[in-house]
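Chains L and C, in that order, are what the protein sequence lines are. Going by my numbering, the letters in the first sequence line up with residues 210 to 457, in that order. Going by my numbering, the letters in the second sequence line up with residues 8 to 386, in that order. Here a beta-carbon is modelled for each residue, glycine too, at the ideal position from N, C-alpha and C. Bear in mind the structure is a predicted one, so any value in this text is a computation, not a measurement.
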Amino acid sequence: MIGLAAVDDDRMLLCGLAAWLAGSPDLRLIAATDTVDRLLQRGTGGIQVVLLDLLLADRSDPADNVRRLAATGPRVLVVSVVADPGQIMAAYAAGAAGYLTKDRDLDELASAVRDVAAGRDLYPPELAFAMAHDRRPDRPQLSAQERRLLLAYAAGMTLDAAARRTGIRPATAKHYLERIKQKYRTAGRPTYTKLDLATRVREDGLLRYAPGPPNHHAPSESPLSRAQTPEGCAGHDPAALGSIGQPG
Amino acid sequence: MSALTLDRQQRRSPGANRDRDGVLAMRLAVAAVGLYRGINLTGVLARGEGITTGSMAVAVAVVAVWDCLLVWDTWRRGTFRRGLVAFDVVVAVAVGLLGLGWGVPGMRFSYGVLQGTAIVAGYALPAGTAAIAVSALVGVNALGVLVPPESKPVAVPEFVAYALTLVALALAGAVAHRLLHVAAGAVRRRRADAAEPARDQLEQRRVLHDTALATLTAIANGVHDVDAAEVRARCARDAAYLRMIMQGGPVGPDGLPATLATLAADAVAVGLRVSAMCDALPSDLDPAVASAMAMAVREALNNVHRHAHTTQAWLSAAEENGRVVVRVVDRGTGFAPARTAAGSGIRDSICARMREVGGGALVESAPGEGTCVELRWPK
Chain L
210 MIGLAAVDDD RMLLCGLAAW LAGSPDLRLI AATDTVDRLL QRGTGGIQVV LLDLLLADRS
270 DPADNVRRLA ATGPRVLVVS VVADPGQIMA AYAAGAAGYL TKDRDLDELA SAVRDVAAGR
330 DLYPPELAFA MAHDRRPDRP QLSAQERRLL LAYAAGMTLD AAARRTGIRP ATAKHYLERI
390 KQKYRTAGRP TYTKLDLATR VREDGLLRYA PGPPNHHAPS ESPLSRAQTP EGCAGHDPAA
450 LGSIGQPG
Chain C
8 MSALTLDRQQ RRSPGANRDR DGVLAMRLAV AAVGLYRGIN LTGVLARGEG ITTGSMAVAV
68 AVVAVWDCLL VWDTWRRGTF RRGLVAFDVV VAVAVGLLGL GWGVPGMRFS YGVLQGTAIV
128 AGYALPAGTA AIAVSALVGV NALGVLVPPE SKPVAVPEFV AYALTLVALA LAGAVAHRLL
188 HVAAGAVRRR RADAAEPARD QLEQRRVLHD TALATLTAIA NGVHDVDAAE VRARCARDAA
248 YLRMIMQGGP VGPDGLPATL ATLAADAVAV GLRVSAMCDA LPSDLDPAVA SAMAMAVREA
308 LNNVHRHAHT TQAWLSAAEE NGRVVVRVVD RGTGFAPART AAGSGIRDSI CARMREVGGG
368 ALVESAPGEG TCVELRWPK
């Protein structure tokens, strides 16, 4: 059983997600909120994977959202309708376990969640494309061969095809891709001074352990307790809102 | 050089209104040159010793008429004609040579003419040509040392001072031109920038009206079953279109992002899922190139749909090392390019089309490893 939380300001998507997950016995939606703050207030206990919308309505910084969520334990899978490579890369460097576009059908999303929960990183062409076209000044330097491989993989080729195209063996290509991912993981990660870090820990701690209304900590029977469910969702038949995917 | 470019731009654009500020600035410069030359002429006429010989009288008259012609023509056009400037150098050299025989007042006049020409040469000629012209003027000046008028020697320091003055005036002309050109360019760009968003906005509105807005309105009216296959297909198509447009930078009517978005949406409509990825593309891409790329992409997507035995394709477009690169990739059955005679689709619709517009195409495949069609421009 994988405990799942979703942070998204699109209520329709959250409701669709709840309806759809009813049919996936191994996935359980524990919380659904519209901001990271709300989820942190509730606490992330029992949650293995958070589906985090890249751009939230409260205009919070995507990388900061990833960092704050990942610091409390769960792995973070970033999803977005459309986003610019710089923002995706910043979220990735902040520790996101993967990135998916929202046009994936639900089976794909489920398998992505299972992969991420099992500790595997999700590395779709869209993420590689964002890496290849990252324009941030602090982006990592790639060798000519690494760049060729990344561009081929970003175009949608399988690892084997990308390796053939680059003129290297598939095993080498796999090793190169790991190295590239590592470079992007460490590049652009903000380095905090000790004082910044202490302040950040204190803020997070205050948020996390602040005594909230009693129902925040009360164990809920329903997978979507009213406190975390965006208003209006529980009252509707979720199936009527459709699913988040598109026809395959 | 830049004067000429500006001139061409003015002639090409039907309403030269956009460059009015640039022309005005150029005219001010022309007026300054005219004044400088006028002062030289009136100086000669006003001085008591005045005109010493008949040939000098003719020269003064010719220079006066010529100056008026040059200033008039340049004022009218807002820029110097290079041919006229070359002729101006010839006139100045001739007057300078004749001036050697006119005594001190004549020589003073001819120096004035040389100086007036140095400014114009520096202003209107490209660096190399201007250097040659100024060397010629300085050379004429140097003859004053070798063949002194009235056998009264011209001191070398005096010559150096005159020569440096000519060079300084030419440089001042060049700097003035550069500044005016930059200023005119900035004004033009600002106007263009102000006009662009309005145009983009209009185009984007039209696009949204035809796609997402029409679909959403139909759904909101409530007559359609939202979960019906065709409604969902249409939503998927519109989403694919909007996603591509949002990623591809400014949208023009013939822009590549908009065209690719339509193709991705069409493919989605026939059941091929297209993951479209688009980085910002140059907005001034030749429409012929964009259209050739679009045709090639359509053929490549058709091939995936018909032959690859897969329902997923990736379409990506980005600028790589100054080239526009578009790739259509699938992870389907693939084929052995060496053993398979390239079908007419690949040969004609993809490779030939790209070659015709100065681009290139590359089709890579292996059995079981999918296919990659890569289009690049320029080749």
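Selection from C/R305, C/G135, C/E306, C/D337 that minimises the alpha carbon distance to C/A320: C/D337
Contact set for C/L382: own chain, Cβ-Cβ below 6 Å, skip 5 residues either direction: M300, A303, V333, M361, A368
For L/L261, three-class secondary structure by DSSP: strand
Chain L contact residues for C/W73, given Cβ-Cβ distances below 7 Å: Ordered by position in chain L, no residue passes the 7 Å Cβ test against C/W73, which lies about 56 Å from the chain.
CB contact below 8 Å: L/E335 versus chain C: yes
Buried or exposed by the 16-neighbour rule on C-beta atoms within 10 Å, applied to C/T387: The shown model of chain C, from 8 to 386, leaves out residue 387 of chain C, and the question about it has no answer.
Rounded C-alpha distance that separates L/R329 from L/A305: 12 Å
Below-8 Å beta-carbon distance, L/D369 vs any chain C residue: yes
Partners in chain C for L/G365, counting only beta-carbon separations shorter than 9 Å: S282, M284, Q319, A320, W321, L322, S323, R334, V335, V336, D337, R338, G377, C379
Bridge partner(s) assigned by DSSP for C/L48: Note: C/L48 sits in no beta bridge, so no partner.
C-beta atoms of L/T375 and L/R357 nearer than 8 Å: yes
Test: C/M361 CB closer than 8 Å to a CB of chain L: no
Length of the line joining the Cα atoms of L/A372 and C/A287: 27 Å
Reduced DSSP category for C/W384 - H, G, I as helix; E, B as strand; rest coil: strand
Chain-order list of residues whose beta-carbon lies under 6 Å from that of C/H316 (same chain, five-residue window excluded): G339, T340
Continuous alpha helix (DSSP H) assignments of at least 4 residues falling wholly in the region 281-354 of chain C: 294-314
Three CB pairs or more closer than 8 Å across the region 341-350 of chain L and the region 309-322 of chain L: no
Cβ neighbour criterion (16 or more within 10 Å) applied to C/I353: buried
L/A215 - partner residues in DSSP beta bridges: L/A241, L/L260
Min CB distance L/R374 to chain C below 8 Å: yes
Where C/W79 falls, given that 16 or more other Cβ within 10 Å makes a residue buried: exposed
C/P344 at chain L interface by Cβ criterion, 8 Å: no
Helix, strand or coil at C/E363 [DSSP, three-state]: helix
Simplified DSSP assignment, three categories, for C/S372: strand
Min CB distance C/A128 to chain L below 8 Å: no
DSSP state of L/R323 mapped onto helix, strand, coil: helix
9 Å Cβ cut-off: residues of chain L touching C/A272: Residues of chain L passing the Cβ test: none, with the nearest at roughly 12 Å.
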